[in-house]
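One structure is given below, encoded as structure tokens.
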Amino acid sequence: MSEDKARDRFVRLAESRVSKALKDIKLIGNLSNRNHYTYTEEDVKKINQALKRAVDDVRSRFDNKGDEEKEIFKL
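Sequential numbering from 2 applies to the sequence shown in the numbering used here.
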């Protein structure tokens with residue numbers, strides 16, 4: 002694949018995937034509405050830790066060009 006095509010593909014996929022991730026993070030934030038949901042501070046802590054780990058993993062993969070680690074979130 003040529004560099005231009007690889008760059009175009011990266012930009013297209015990055016914009017799509019990051020936009021989707023930001024939308025999904027906003028939806029997670031909507032869970033904070035106590036009029037609709039019941040949760041504990043421990044639940045909030047677990048959600049925040051999982052999100053932080055995922056962002057840290059992305060940073061690490063770009064810095065180190067490392068392998069993907071799959072993680073499933075559960076409360």
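Glycine included, C-beta positions come from ideal geometry on N, C-alpha and C. The structure displayed is predicted, hence computed values, not measured ones.
Here Leu76 is near Asp44, since their CB atoms are less than 8 Å apart.
In the three-state scheme derived from DSSP, where H, G and I count as helix and E and B as strand, Lys75 is classed as coil.
Taken through DSSP and simplified to helix, strand or coil, Leu32 comes out as coil.
Per DSSP, reduced to three states, the secondary structure at Lys6 is helical.
DSSP places Lys66 outside both helix and strand once states are collapsed to three, so it counts as coil.
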